[in-house]
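Peer 1:
2 protein chains.
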Amino acid sequence: METRPKRFNELWLTEEQSPDMKLSLRVSEVLLNVKSPYQDILLVETGEYGRMMILDGAIQITERDEFCYSEMMAHVALSSHPDPRRVLIVGGGDGGVLREVLRHKSVEKATLIDIDEEVINASKRFLPTISAALEDPRADVKPMDAMVYIKAAKEEFDVAIVDSTDPVEFAAGLFESPFYRDIHNALKKDGMVVAQTESPFTDRNVVRDAFREMSSVFPVVRMYWGAMPTYPSGMWTYTVGSKNADPSAPLRPAPEGTRYYTSDIHRASFVLPPFVIDLLK
Amino acid sequence: METRPKRFNELWLTEEQSPDMKLSLRVSEVLLNVKSPYQDILLVETGEYGRMMILDGAIQITERDEFCYSEMMAHVALSSHPDPRRVLIVGGGDGGVLREVLRHKSVEKATLIDIDEEVINASKRFLPTISAALEDPRADVKPMDAMVYIKAAKEEFDVAIVDSTDPVEFAAGLFESPFYRDIHNALKKDGMVVAQTESPFTDRNVVRDAFREMSSVFPVVRMYWGAMPTYPSGMWTYTVGSKNADPSAPLRPAPEGTRYYTSDIHRASFVLPPFVIDLLK
């Protein structure tokens with residue numbers, strides 16, 4: 087009997103990080119591959135970063151490096167706000183930022199508004215270490231359009247965290263001044279907003295424009311940065327707008343259990359290299 | 087006459103960053119592809135990062151992001167050493183770190199020892215913004231085995247910078263204590279050594295072992311980090327050993343022309359996230 091030579095398959099997830107750059111990760115299992123009304127949702131198990139959620143082809147979150155992002159999104163504003171009790175999270179349906187927000191004992195309620203209920207459900211089903219906080223009694227999870235929700239909110243929140251996808255399609259408005267104006271109105275008098283504002287290498291215009299748009303609304307606007315391996319270039323910026331307090335000065339120690347954030351990292355993350363400062367001029 | 091449909095070719099350089107992860111960059115031109123006695127040397131023009139040198143399949147340096155690495159390799163030790171006049175660079179045949187070293191006016195002579203003369207020549211030919219310093223009158227460039235050179239050097243240098251490739255094959259010894267012992271002997275009394283020590287995500291053992299090996303030789307050993315987009319994970323560590331002075335405290339302002347390094351970045355880069363501190367325990 088003739089035997090065919092054995093063949094080996096390899097499954098790789100390849101993200102086009104820019105038209106000229108791709109990151110590929112070896113996939114051991116495809117867990118979910120569905121189309122929601124808003125985006126393609128793909129969940130895979132990778133050798134390098136554990137489980138990973140990809141939305142419309144862009145890597146959103148991985149089990150192994152999300153702490154870098156989730157902690158920096160949550161703790162900078164929450165540690166420099168004088169008394170954060172009510173927190174709004176725009177997007178972030180995976181639950182990673184929410185988990186970090188709820189480490190702060192002062193937080194009475196965290197409202198998470200993600201347009202896509204299927205992202206929330208996928209995270210609950212496949213990313214338990216990231217999504218557990220979605221079931222917390224202090225979490226109020228609403229699957230709806232955050233832009234609609236925020237227009238109706240007045241002076242309700244101490245901190246708003248904009249955990250959006252890249253600024254394209256339904257998320258594009260989340261990087262523009264009308265949205266920041268609505269956020270401003272939804273915040274109480276000492277309110278702060280934080281947004282993820284992409285890479286100073288691969289998204290120079292986003293970094294610049296988000297800073298400018300937020301500066302047209304908030305009196306205090308500062309940029310900080312951190313490492314984030316699975317995002318393009320691995321260097322990620324965050325922009326924080328404040329009605330009053332200085333967001334670069336932590337007022338209390340880091341909550342327990344952080345792996346990236348400390349009060350010293352907080353202060354250090356506001357030190358920008360000259361090439362980033364030049365982007366903001 | 088029958089016409090064939092037009093076909094499009096795409097040329098991509100793909101680096102295997104780990105067995106489970108690959109970074110790919112679109113290539114517009116292959117400039118050089120040779121085998122030296124030590125390694126494969128590949129030089130390509132990429133859309134994302136400009137010209138790029140790849141040694142044995144590992145991306146070494148690109149025109150667009152090398153400043154992050156070259157500046158952090160050079161300026162931390164040179165700014166915290168009390169009076170750096172004589173500098174040794176091990177490896178670094180591209181000339182990027184040398185260019186940064188020579189920004190310091192106190193430096194009288196910088197000796198660069200790269201085992202592979204063909205790397206030096208390739209950089210001179212194709213990477214002018216990186217290699218220009220190789221022709222500087224204060225530069226003493228020797229194509230030879232640094233391990234041999236250093237064994238013979240006694241109390242000659244103020245600062246040694248180990249700009250090595252990954253710790254495999256002929257470069258493996260550059261991460262071990264016998265080499266650090268030779269470096270210690272080659273340094274004057276206030277001497278400092280800096281080494282690139284890889285990523286805390288993809289090279290956890292290297293980070294840990296390099297720190298331990300250097301600590302067995304130098305009384306003061308500190309780790310610092312920075313962003314480096316084209317290296318695996320984009321988060322890069324550097325380990326500095328000192329006979330005396332505190333390397334985390336800059337003694338003078340940054341030299342002119344830096345795009346990543348400032349005195350504030352110097353101090354901030356020594357603030358390690360808890361997950362990196364845990365690696366060093």
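Protein chains in written order, with our numbering: chain A, 87 to 367; chain B, 87 to 367.
Even for Gly, the Cβ is constructed at its ideal location relative to N, Cα and C.
Please report the Cβ distance between K210 (chain A) and S217 (chain A), rounded to the nearest whole angstrom; I am assuming they are in contact, meaning their Cβ atoms lie under 8 angstroms.
Peer 2: Within the first sequence, the letter at position 124 stands for residue 210 (chain A). Within the first sequence, the letter at position 131 stands for residue 217 (chain A). Correct: roughly 5 angstroms between the Cβ atoms.
Peer 1: Taking buried to mean at least 16 other C-beta atoms within 10 Å of its own C-beta, is S110 (chain B) buried or exposed?
Peer 2: Residue mapping note: residue 110 (chain B) aligns to position 24 of the second sequence, counting from 1. By the neighbour-count rule (16 or more Cβ atoms within 10 Å), S110 (chain B) is buried.
Peer 1: Measure the C-alpha to C-alpha separation of T283 (chain A) and G179 (chain B) and round it to an integer number of angstroms.
Peer 2: Position 197 of the first sequence holds residue 283 (chain A). Position 93 of the second sequence holds residue 179 (chain B). T283 (chain A) and G179 (chain B): Cα-Cα distance of roughly 36 angstroms.
Peer 1: Taking only the alpha-carbon atoms, compute the straight-line gap between F297 (chain B) and A232 (chain B) and give it to the nearest angstrom.
Peer 2: Counting from one through the second sequence, the residue named residue 297 (chain B) turns up at place 211. Counting from one through the second sequence, the residue named residue 232 (chain B) turns up at place 146. The alpha-carbon atoms of F297 (chain B) and A232 (chain B) are separated by roughly 20 angstroms.
Peer 1: Which residues of chain A have a Cβ atom closer than 7 angstroms to the Cβ of K367 (chain B), listed in chain order?
Peer 2: On the second sequence, residue 367 (chain B) is found 281 positions in, with the first residue counted as 1. Here the premise fails: no neighbours, minimum Cβ distance about 14 angstroms.
Peer 1: Residues of the region 304-319 of chain A with a CB closer than 7 angstroms to any CB of chain B: list them in chain order, please.
Peer 2: Per Cβ criterion, the list reads A313, P315 and S319.
Peer 1: Would you report the Cα separation of D249 (chain B) and A340 (chain A), rounded to the nearest angstrom?
Peer 2: For the purposes of this step, residue 249 (chain B) is taken as the residue at position 163 of the second sequence. For the purposes of this step, residue 340 (chain A) is taken as the residue at position 254 of the first sequence. Their Cα atoms are separated by approximately 35 angstroms.
Peer 1: Counting only Cβ pairs nearer than 7 angstroms, list the residues of chain A close to I351 (chain B).
Peer 2: Sequence index remark: in the second sequence, residue 351 (chain B) carries index 265 (1-based). Simply V357 and P359.
Peer 1: Between A:V193, A:P359 and A:F153, which lies nearest to P286 (chain A) when the distance is taken from Cα to Cα?
Peer 2: Taking the first residue of the first sequence as position 1, residue 286 (chain A) is located at position 200. Looking at the Cα atoms, A:P359 is the closest of the given residues.
Peer 1: Whose Cβ in chain B lies nearer than 7 angstroms to the Cβ of T132 (chain A)?
Peer 2: Your numbering for residue 132 (chain A) matches position 46 in the first sequence. Within 7 angstroms Cβ-Cβ: D106.
Peer 1: Does any C-beta atom of chain A lie closer than 8 angstroms to the C-beta of D321 (chain B)?
Peer 2: Taking the first residue of the second sequence as 1, we reach residue 321 (chain B) at position 235. Just to set this straight, residue 321 (chain B) is Met in the shown sequence, not Asp. At least one chain A Cβ lies under 8 angstroms of M321 (chain B).
Peer 1: Taking buried to mean at least 16 other C-beta atoms within 10 Å of its own C-beta, is V254 (chain A) buried or exposed?
Peer 2: Here residue 254 (chain A) refers to the residue found at position 168 of the first sequence. With fewer than 16 other Cβ atoms within 10 Å, it is exposed.
Peer 1: Considering just the uninterrupted stretch of the beta strand (DSSP E) at Y324 (chain A), what are its terminal residues?
Peer 2: Here residue 324 (chain A) refers to the residue found at position 238 of the first sequence. That run of the beta strand (DSSP E) goes M321 to S328.
Peer 1: Does L97 (chain A) pass the burial test, meaning 16 or more other C-beta atoms within 10 Å, or should it be called exposed?
Peer 2: Here residue 97 (chain A) refers to the residue found at position 11 when the first sequence is read from its first residue. By the 10 Å Cβ count, L97 (chain A) comes out exposed.
Peer 1: Measure the CB-CB distance between M278 (chain A) and Y155 (chain A) and report whether it falls below 8 angstroms.
Peer 2: As a working note, residue 278 (chain A) is residue 192 in the first sequence. As a working note, residue 155 (chain A) is residue 69 in the first sequence. Not closer than 8 angstroms, so no.
Peer 1: When the cut-off is 8 angstroms and only beta carbons count, does L111 (chain B) lie next to chain A?
Peer 2: On the second sequence, position 25 is the one that residue 111 (chain B) refers to. Yes - at least one Cβ of chain A is within 8 angstroms of the one on L111 (chain B).
Peer 1: Find out if the Cβ-Cβ distance for the pair M139 (chain B), I147 (chain B) is shorter than 8 angstroms.
Peer 2: In the second sequence, the residue the question calls residue 139 (chain B) occupies position 53. In the second sequence, the residue the question calls residue 147 (chain B) occupies position 61. Result yes, Cβ atoms of M139 (chain B) and I147 (chain B) sit closer than 8 angstroms.
Peer 1: Beta carbon of A239 (chain A), beta carbon of A272 (chain A): below 8 angstroms?
Peer 2: Here the question's residue 239 (chain A) lines up with position 153 in the first sequence. Here the question's residue 272 (chain A) lines up with position 186 in the first sequence. Cβ atoms of A239 (chain A) and A272 (chain A): closer than 8 angstroms.
Peer 1: Could you name the residues of the same chain whose beta carbon sits closer than 6 angstroms to that of L99 (chain A), not counting the 5 residues immediately before and after it, in chain order?
Peer 2: Walking along the first sequence from the start, residue 99 (chain A) turns up at place 13. Hits under 6 angstroms: L111, V113 and V130.
Peer 1: Could you tell me if I363 (chain B) is buried or exposed, where buried requires 16 or more neighbouring beta carbons within 10 angstroms of its beta carbon?
Peer 2: In the second sequence, residue 363 (chain B) corresponds to position 277, counting from 1. Looking at its Cβ environment, which holds fewer than 16 other Cβ atoms inside 10 Å, I363 (chain B) is exposed.
Peer 1: List the whole-angstrom C-beta distance separating S192 (chain B) from A335 (chain B), where the pair is believed to meet the contact cut-off of C-beta under 8 angstroms.
Peer 2: As a position in the second sequence, residue 192 (chain B) is number 106, starting the count at 1. As a position in the second sequence, residue 335 (chain B) is number 249, starting the count at 1. Their Cβ separation, rounded to whole angstroms, is 17 angstroms, which puts S192 (chain B) and A335 (chain B) out of contact at 8 angstroms.
Peer 1: Determine the contact status of L188 (chain B) and A225 (chain B), defining contact as a CB-CB distance below 8 angstroms.
Peer 2: In the second sequence, the residue the question calls residue 188 (chain B) occupies position 102. In the second sequence, the residue the question calls residue 225 (chain B) occupies position 139. Yes. Within cutoff.
Peer 1: Where N95 (chain B) and Q103 (chain A) are concerned, what is the direct C-alpha to C-alpha distance, given to the nearest angstrom?
Peer 2: Translated into the one-based positions of the second sequence, residue 95 (chain B) becomes position 9. Translated into the one-based positions of the first sequence, residue 103 (chain A) becomes position 17. N95 (chain B) and Q103 (chain A): Cα-Cα distance of roughly 20 angstroms.
Peer 1: Excluding sequence positions up to five away, which residues of its chain have a Cβ less than 8 angstroms from the Cβ of E299 (chain B)?
Peer 2: Counted from its first residue, the second sequence places residue 299 (chain B) at position 213. Contacts found: F261, E262, S263 and Y266.
Peer 1: Have a look at V120 (chain B) and N207 (chain B) and give me their C-alpha separation to the nearest angstrom.
Peer 2: Counted from its first residue, the second sequence places residue 120 (chain B) at position 34. Counted from its first residue, the second sequence places residue 207 (chain B) at position 121. C-alpha separation (whole angstroms): 12 angstroms.
Peer 1: So, helix, strand or coil for I140 (chain A), using DSSP?
Peer 2: For the purposes of this step, residue 140 (chain A) is identified with residue 54 of the first sequence, where counting begins at 1. Correct three-state label for I140 (chain A): strand.
Peer 1: Report the partner residues of I201 (chain A) according to the DSSP bridge assignment.
Peer 2: The residue you call residue 201 (chain A) lines up with position 115 of the first sequence. Paired residue(s): none; I201 (chain A) is not in a bridge.
Peer 1: Which residues in the same chain have their Cβ closer than 8 angstroms to the Cβ of V307 (chain B), if we skip the five residues on either side of it in sequence?
Peer 2: In the second sequence, counting from the first residue as 1, residue 307 (chain B) sits at position 221. If we look at V307 (chain B) and ignore the five residues flanking it on each side, its Cβ neighbours are F297, M300, S301, T325, V326, G327 and S328.
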